[in-house]
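Colleague:
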Amino acid sequence: SQTIHQWPATLVQPVGSPLSLECTVEGTSNPNLYWYRQAAGRGLQLLFYSVGIGQISSEVPQNLSASRPQDRQFILSSKKLLLSDSGFYLCAWRFGSPYNEQFFGPGTRLTVL
Amino acid sequence: AQSVTQPDIHITVSEGASLELRCNYSYGATPYLFWYVQSPGQGLQLLLKYFSGDTLVQGIKGFEAEFKRSQSSFNLRKPSVHWSDAAEYFCAVGQDSNYQLIWGAGTKLIIKP
């Protein structure tokens with residue numbers, strides 16, 4: 067069966083510091099991968115998605131970036147965090163067909179102080 | 015443009031009462047429709063999905079949803095809610111030619127004892 071991992075679960079970082087969040091999927095190959103953010107009390111905002119190694123599509127221009135160095139690894143990064151980067155970050159994967167659901171990881175709670 | 019509307023930000027129901035959460039979509043072709051649930055601080059879990067066939071779909075945890083093409087709706091129902099159903103519920107639409115899901119803003123369900 068497939069499993070999706072995210073770490074860390076919780077992170078508190080100062081403004082201006084770098085960020086690296088990692089997402090790993092097990093038990094499948096060539097998944098579509100997604101990074102979402104939820105601000106407090108808000109819905110899901112798609113940040114990035116990837117259909118293959120090295121293929122990243124950005125949905126929202128901002129100071130975040132994503133990389134997919136391996137088939138089942140998806141990394142969200144920032145060189146300098148802003149206060150507005152605080153939120154709940156969710157990674158998801160999906161088999162590459164439109165009628166397949168996305169499967170979500172447990173999320174990372176990021177607080178930027 | 016495709017869109018998903020969940021008109022109710024919050025809904026409060028008594029434990030044991032019936033529940034209906036509304037979801038309306040805007041999409042030209044037959045959509046792929048999903049309902050997810052998110053408990054506080056957790057990732058999202060798929061409740062049910064529809065992409066063809068019987069328009070009444072059964073899901074996990076006693077939930078069902080009905081696709082009504084004439085009303086562009088995919089409302090989620092449960093005959094008798096339990097306190098453990100308190101969570102946020104998201105409706106989403108998938109598209110044939112896109113890797114993304116279009117998300118509603120979510121409805122927070124509050125259960126009165």
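Quick mapping for you: the protein sequence lines, in order, are chains A and B. For my numbering, add 66 to where a residue sits in the first sequence, where the first one is 1. For my numbering, add 14 to where a residue sits in the second sequence, where the first one is 1. For each residue, glycine too, the CB sits at the ideal point set by N, CA and C.
#1: Please state whether DSSP places residue 119 (chain A) in a helix, a strand or coil.
#2: With DSSP collapsed to three states, give me the class of residue 23 (chain B).
#3: May I ask you to report which of helix, strand or coil DSSP gives residue 57 (chain B)?
#4: Of all the CB atoms in chain B, is at least one closer than 8 Å to the CB of residue 92 (chain A)?
#5: Would you kindly report the start and end of the unbroken beta strand (DSSP E) that includes residue 70 (chain B)?
#6: For residue 170 (chain A) and chain B, any beta-carbon pair shorter than 8 Å?
#7: I'd like to check one pair, residue 46 (chain B) with residue 95 (chain B): are the Cβ atoms closer than 8 Å?
#8: With 7 Å as the limit, tell me which residues of the region 85-116 of chain A have their beta carbon closer than that to any beta carbon of chain B; keep them in chain order.
#9: Looking at the C-beta of residue 156 (chain A), does it have a partner C-beta in chain B at a distance below 8 Å?
#10: Between which two residues does the beta strand (DSSP E) carrying residue 134 (chain A) extend?
#11: Which of helix, strand or coil does DSSP assign to residue 87 (chain B)?
#12: Who are the near neighbours of residue 91 (chain B) in its chain, counting only those whose CB is closer than 6 Å to its CB and skipping five residues on each side?
#13: Could you compute how far the alpha carbon of residue 153 (chain A) sits from the alpha carbon of residue 38 (chain B)?
#14: For residue 126 (chain A), which residues in the same chain have their Cβ closer than 7 Å to its Cβ, ignoring the five residues on either side in sequence?
Modeller: The structure says:
#1: To locate residue 119 (chain A), count along the first sequence from 1; it is residue 53. Of the three classes helix, strand and coil, the one that applies to residue 119 (chain A) here is coil, per DSSP.
#2: For the purposes of this step, residue 23 (chain B) is identified with residue 9 of the second sequence, where counting begins at 1. Coil.
#3: The residue labelled residue 57 (chain B) in the question sits at position 43 within the second sequence. The answer is coil: DSSP assigns residue 57 (chain B) none of H, G, I, E or B.
#4: Numbered from its first residue, the first sequence carries residue 92 (chain A) at position 26. Output row for residue 92 (chain A): interface = no.
#5: Within the second sequence, the letter at position 56 stands for residue 70 (chain B). It spans 70-72 - the beta strand (DSSP E) in which residue 70 (chain B) sits, taken as one unbroken run.
#6: In the first sequence, residue 170 (chain A) corresponds to position 104, counting from 1. So, interface residue.
#7: Here residue 95 (chain B) is taken as the residue at index 81 of the second sequence, counted from 1. Here residue 46 (chain B) is taken as the residue at index 32 of the second sequence, counted from 1. Going by C-beta atoms, residue 95 (chain B) is not nearer than 8 Å to residue 46 (chain B).
#8: If the cut-off is 7 Å between Cβ atoms, the region 85-116 of chain A has 98, 109, 110, 112 and 115 near chain B.
#9: Counting from one through the first sequence, the residue named residue 156 (chain A) turns up at place 90. Yes, residue 156 (chain A) lies at the interface with chain B (some Cβ there is under 8 Å from its Cβ).
#10: Indexing the first sequence from 1 puts residue 134 (chain A) at position 68. From DSSP, the beta strand (DSSP E) with residue 134 (chain A) extends over 130-136.
#11: Along the second sequence, one-based indexing puts residue 87 (chain B) at 73. Here residue 87 (chain B) sits in strand by DSSP.
#12: By one-based count along the second sequence, residue 91 (chain B) stands at place 77. Listed in chain order, the non-local C-beta contacts of residue 91 (chain B) below 6 Å within the same chain comprise 34 and 78, local neighbours out to five positions each way being set aside.
#13: Counted from its first residue, the first sequence places residue 153 (chain A) at position 87. Counted from its first residue, the second sequence places residue 38 (chain B) at position 24. For residue 153 (chain A) and residue 38 (chain B), the gap between their C-alpha atoms comes out near 27 Å.
#14: The count along the first sequence starts at 1 and reaches residue 126 (chain A) at position 60. So the list reads 111 and 113, once near-sequence residues are dropped.
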